[in-house]
Amino acid sequence: MNPLSPREAARRRLLDTLRREGPMARVEIGQQLGMSPASVSDLTASLLDEGILVADETGESGAGLLRGRPKVRLTFADTLGSVIGVWTGFNRIELRLVDSAGRNRASRHIERPLRNLAAEELMDVLAETITAFARETGAPDVKAIGLACQGYVDTRDGIVAWSPVLGTRDIPLAAGLGQRLGLPVLIENDASAMAFAIAQRHTELRSGRTACLMVGDGVGLGFLIQGELYRGARFGGSEFGHVRLRRSGPQCRCGGRGCIEAFLADYALHRDAQLIDHRPAPTVLIPGEDAMDAIVAQARAGDTALSGLFREAGEVLGDAVSILIQTLEPDHIVICGPGTRAMDLLRPSFETALESQTIPELRALATIQVVESSMDLLTEGVVMQALRELDYGLARLKAA
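Set out below in structure tokens:
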């Protein structure tokens, strides 16, 4: 792909800012990008003429504007097509449709066996599911697909190298789906997708280094530097949940023992709760929200055995965050994902373990916050990334 010209690069920066910050007045765009009013007016005029941006008069006065003058905010037109976001979990698929302005138009949850499918069968099922969703929702002019998946994902070549929820390795998912759908397909690790979505919602997380530790079906890590996802040697992220803490620990989905995930993920907590009170096993490997909510409720009600289960999980969470602080030296750490439902039970032992295992001078450098978040953020993260790729094309100047 040819590099952007200086003017195209400026258009891309402007579009990226609007995509991230939402509707903005011209004066706010200039302040954000360090551009002169004349430069901003020149760029936005062409984007308005091309129908990429639209003006929205709120009738409010804003800082830097004349008193009483309507504050005209610029935003994306919603007529430039749409994007579909997909998340593949254990035998389930989540879908989200957004328009070109980033507004949610539809979503769908589908239970579908995926674990035992061969690569070609998996891509057939996903393509059929996406096509049916687009048809049923009347999706207008779909431009791209963003797909988040658990496991190690090569984002450059579009390959799922390994996933605990899929039964085969090295799946050329982006190319295979792209051929079936006739659309560009972007794939991402699910923890990275959630990290990206959270950073778009919280301005302070887009500065410095931010580590987002996602706890839920599994344990994953998304790492951002200045708001952009960090990529490793194979353009993936990390498999932090499979760092081994105890050699003789419980069995993990990856086949190893004693991984962080094997103590902290939903399936691990439900497995240990079964051993305590002989509750029914889940019908699938990953317990549902109702099952996890029941365990949390019993622990809060004073069940000492289940409280002890969360106490141990909190210690593991503290050890995990200590490792992050002492290896990556992040500015911000975010604990996120459905597992935060039990943070009140995890917090006492988490804080004790964190303080006892971390060099104080390093601990003082990182802010730690808990962001309660559902799996909806996974599809939000990949549609936002897909829209950014769409914006790259919109930034290019049309041939005269």
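Each step along the sequence shown adds one to the number in UniProt numbering, with nothing skipped, and position 166 is 166.
For every residue, glycine included, the Cβ atom is placed at its ideal position computed from N, Cα and C.
Counting along the chain, Y392 sits inside the alpha helix (DSSP H) bounded by residues 376-395. Judged by beta-carbon spacing, A262 lies within the 8 Å limit of G249, meaning their Cβ atoms are closer than that value. For the options I359, I333, E355, M343, the alpha carbon positioned closest to that of I368 is the one of I333.
By the Cβ rule, the stretch 349-361 does not count as touching the stretch 119-134, because fewer than three pairs are nearer than 8 Å. Uninterrupted beta strand (DSSP E) stretches at least 3 residues long and entirely within the stretch 309-383 occur at 332-337, 367-372, given in chain order. A distance below 6 Å between beta-carbons, with the five flanking residues on each side excluded, links E380 to the following residues of its chain, in chain order: A197. Cα atoms of D78 and A301: separation of roughly 48 Å, rounded to the nearest angstrom.
Cα atoms of V370 and L14: separation of roughly 31 Å, rounded to the nearest angstrom. DSSP places G178 outside any beta strand (DSSP E); the residue lies instead in the alpha helix (DSSP H), whose first and last residues are 173-181. The bridge partners DSSP lists for A148 are W87, E188. Under the DSSP assignment, M214 falls outside any alpha helix (DSSP H), being part of the beta strand (DSSP E) whose first and last residues are 209-215. Under the rule that a run must span 4 or more residues, the alpha helix (DSSP H) segments found entirely inside the stretch 9-54 read 26-33, 37-49. Annotation for F76: the continuous beta strand (DSSP E) segment containing it runs 72-76.
In this chain, the beta strand (DSSP E) harbouring I159 covers 159-162. When secondary structure is reduced to three states using DSSP, L97 falls in the strand class. With contacts defined as CB atoms closer than 8 Å, T44 and V165 fail to qualify as a contacting pair. For V243, no alpha helix (DSSP H) run applies, since DSSP gives it neither H nor E. For the 8 Å CB-CB criterion, L346 and G314 form a contact. Residue pairing by DSSP puts Q251 in a beta bridge opposite R257. In the same chain as I171, and ignoring 5 residues on each side of it, the C-beta atoms closer than 7 Å to its own belong to A119, L122, I159, V160, in chain order. Collapsing the DSSP output to three states places L122 in a helix. Between I130 and I84 a beta carbon distance of about 6 Å is seen, short of the 8 Å cut, so the two are scored as contacting. Under the three-state reduction of DSSP output, A106 falls in the strand class.
Following the DSSP letters along the chain, one finds V296 inside the alpha helix (DSSP H) bounded by residues 289-300. Between the beta-carbon of L173 and that of V215 there is about 25 Å, and that puts the pair past the 8 Å contact cut. Between D331 and R244, the C-beta spacing is not below 8 Å.
The distance from the Cβ of G220 to that of A191 is about 3 Å, consistent with a contact at the 8 Å cut-off. Taken through DSSP and simplified to helix, strand or coil, S82 comes out as strand. According to the DSSP assignment, L269 belongs to the alpha helix (DSSP H) that extends over 266-277. The three-state reading of DSSP puts I130 in helix, counting H, G and I together.
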